[in-house]
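In what follows, a single structure is set out as structure tokens and then discussed.
Protein chains in written order, with our numbering: chain A, 1 to 94; chain B, 1001 to 1303; chain C, 2001 to 2265.
Here's what the structure looks like:
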């Protein structure tokens, strides 16, 4: 399942998508959770009883602001979460 | 002299946004003849529904406005349908809660997200050819892809912004002083189709709507411009996950042809039809999940 | 020599008349005028506001060498020879008032933005959000209505609160219901006001961070009048000092008139 967390508002689209098929048996030992400086990722049991990572609900409405520090203006050349996720399950839409 | 009397009675404030609450059950069947009775309760931010499923088939439902707290809304929604058919809580084998208040449904055995429930409900309502679901709820908008079993394969949700939600429609209904159910039909009574309202934000769209009225637009034309904006908005959301044939719309706005027809035009796809109230999809899916769980447990109601 | 700057905002028209002077400062403010358009169309409102300003300053149209316009409705000012973006006008005006300003925060009714400026008051970078009411003054305005307080009292109330309660809703429309439920649950008005202003400040601050916070920080736009917001903004930006112009509503029109005067050289 591709789960898209985030929102679209007047200023644009801000979604983090997680490919849960790559996430169920995480080969990176859930490294995204420690890599994210805002600690936005956590493990849940989804509706089909799979253990997967999602973006915490509170962050889903504030992604544009929460991710500011890691976006190019903040000095990161690549995003900590996508770099940590070696299976390549995490993608940003903006 | 009766001026005083008149002044004493405040004019009733009409609530244009208020939509129809609704209860229904299948009179051709008796739930007592069934072996598994499951219930799905969807406590949304704006509306709450209770759906009863008997042996995997829709039996009855009640849809009403969400009250001040989730537990009471859940209870009231269920009581509304149980009273009509003489059912008691003990008669129900399994209850699944869904919607934003799902963890606060006091008598639920399990909580399942509205994404999974909507897909499951749409699969029942529109048939197993349903692949793309658009749910336009009171305070959110969801785009879901599912397989032929109603299992979610891709989804996105937007609950951050009121644009493209029922709340956005209620705001316009109030502003135009026109009952919400009339907005759709009225949006077609225009001399020519106007451009969409340009602001996405509901607050700014409100000012824009007032400016359009001032510029000589009829109310119907402003409504048409707003319905078009809403359609463009949700289509842009849908395009993020893509649209496949087998398109189905759930939620309150599915009842607004002014938005639905415009979405269909933008996508070049017709939405699948259903006779079932589009607002119950989530609760129906929850009840169907409950049915599957009961079957798995192999539990039968004591005769 | 006189130049004029006209700021056609979403709520009001501001006119600034600027005179090139012989003193140590090259320019002096001749007159500033604010008019609410009421029922007038934008183009009529611009004409009327300009004429009123000229009359008050004892000048005629022929005395003005150049008129530049800014603001959302700048294209409606038919008699202006040029349109200037809000960013350029705001940066220039803020620089005139505070020559050391390098970070300009502009929060008006319908937009919030951060502008980075150089020593000459040129906007070199900006980040803003004009498409969502949640990052602007109208968010606070809508919530103050729900609390039945004027925007000014709303700001003052927030200063009395020492609690930090989070606002979950990020949308103005949804936040109204959240505020109503906070009121129902007997949350003190002061705490609600602070929560609302903190929320706007944090969104504005996130935009300013995109251009970077450096040098003297100046706040312009209508929210300058809201003490509570200024406090929330300082906390969010983690700065001790935010400079506030005395008449923030005229800064953009002033910047516009300054740019007009410079172009004439």
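Beta carbons are placed, not taken as given, at the ideal position from N, Cα and C, and that holds for glycine. No experiment lies behind these values; they were computed from the predicted model shown.
Check                                                                                                                                          : Outcome
Alpha-carbon to alpha-carbon, residue 2168 of chain C and residue 2181 of chain C                                                              : 12 angstroms
CB of residue 2255 of chain C within 9 angstroms of CB of residue 2070 of chain C, strictly                                                    : yes
Inter-residue spacing [alpha-carbon to alpha-carbon] between residue 1303 of chain B and residue 1284 of chain B                               : Interpretation of residue 1303 of chain B is limited by its pLDDT of 43, a score under 50 that renders its predicted location unreliable; no figure is taken from the coordinates.
Under 8 angstroms from the C-beta of residue 2173 of chain C: neighbouring residues of chain B                                                 : 1162, 1167, 1168, 1171, 1202, 1203
Residues of the region 2208–2221 of chain C with Cβ closer than 7 angstroms to any Cβ of chain A, in chain order                               : 2209, 2210
Inter-residue spacing [alpha-carbon to alpha-carbon] between residue 2210 of chain C and residue 1019 of chain B                               : 43 angstroms
Residue-chain proximity (residue 1248 of chain B, chain A), Cβ-Cβ < 9 angstroms                                                                : no
Under 7 angstroms from the C-beta of residue 1228 of chain B: neighbouring residues of chain C                                                 : Correct list: empty, because the minimum Cβ distance to chain C is about 18 angstroms.
Positions along the region 1137–1155 of chain B whose CB lies within less than 8 angstroms of some CB in chain C                               : 1139
Cβ of residue 61 of chain A within 9 angstroms of any chain B Cβ                                                                               : yes
Contact set for residue 2084 of chain C: own chain, Cβ-Cβ below 6 angstroms, skip 5 residues either direction                                  : 2068, 2070, 2256, 2259
Validate contact between the region 1260–1271 of chain B and the region 1230–1249 of chain B using beta carbons, cut 8 angstroms, 3 pairs      : yes
Cutoff 9 angstroms: residue 47 of chain A Cβ touching any chain B Cβ                                                                           : yes
Ordered list of beta strand (DSSP E) runs contained in the region 1036–1124 of chain B, each at least 3 residues                               : 1037–1043, 1047–1054, 1057–1065, 1094–1098
DSSP three-state assignment for residue 1186 of chain B, whether helix, strand or coil                                                         : helix
9 angstroms Cβ cutoff, residue 10 of chain A in contact with chain C                                                                           : yes
Segment limits, alpha helix (DSSP H) that includes residue 2128 of chain C                                                                     : Per DSSP, residue 2128 of chain C belongs to no alpha helix (DSSP H); it is in the beta strand (DSSP E), 2123–2129.
Within chain A, partners of residue 2148 of chain C - CB distance below 9 angstroms                                                            : Ordered by position in chain A, no residue passes the 9 angstroms Cβ test against residue 2148 of chain C, which lies about 27 angstroms from the chain.
CB of residue 2147 of chain C within 9 angstroms of CB of residue 2179 of chain C, strictly                                                    : yes
Nearest neighbour of residue 1090 of chain B, chosen from B:1039, B:1080, B:1190, B:1043 [CA to CA]                                            : B:1039
Given residue 1172 of chain B as reference, the closest of B:1141, B:1210, B:1160 once Cα atoms are compared                                   : B:1210
Neighbour-count burial assignment, residue 1291 of chain B, 16 or more Cβ in a 10 Å radius                                                     : buried
Rounded straight-line distance, which links the Cα of residue 2197 of chain C to that of residue 1081 of chain B                               : 44 angstroms
Below-9 angstroms beta-carbon distance, residue 1984 of chain C vs any chain B residue                                                         : Any property of residue 1984 of chain C remains undetermined from this structure, which presents chain C solely from 2001 to 2265.
Chain B within 9 angstroms of residue 38 of chain A, Cβ atoms only                                                                             : no
Endpoints, the alpha helix (DSSP H) within which residue 15 of chain A is located                                                              : Element bounds for residue 15 of chain A: not the alpha helix (DSSP H) but the beta strand (DSSP E), 12–19.
Residues of its chain near residue 51 of chain A, where Cβ-Cβ distance is below 7 angstroms and the 5 sequence neighbours each way are ignored : 24, 43, 45
Which of helix, strand or coil DSSP assigns to residue 2167 of chain C                                                                         : coil
Three-way DSSP call (helix, strand, coil) for residue 2258 of chain C in this model                                                            : helix
Secondary structure of residue 94 of chain A, DSSP reduced to three states                                                                     : coil
Pair within 9 angstroms by beta-carbon distance, residue 1092 of chain B and residue 1037 of chain B                                           : yes
Residues near residue 1021 of chain B in its chain [Cβ-Cβ closer than 7 angstroms; skip 5 each side]                                           : 1063, 1064, 1065
Close-in-space but distant-in-sequence residues of the same chain around residue 1148 of chain B (CB under 7 angstroms, 5 per side omitted)    : 1128
Near-chain A residues of the region 2116–2145 of chain C - C-beta to any C-beta below 7 angstroms                                              : 2129, 2131, 2132
Paired residues, beta bridge with residue 2033 of chain C - DSSP                                                                               : C:2015
Length at least 3, wholly inside the region 1204–1253 of chain B: the beta strand (DSSP E) runs in chain order                                 : 1247–1250
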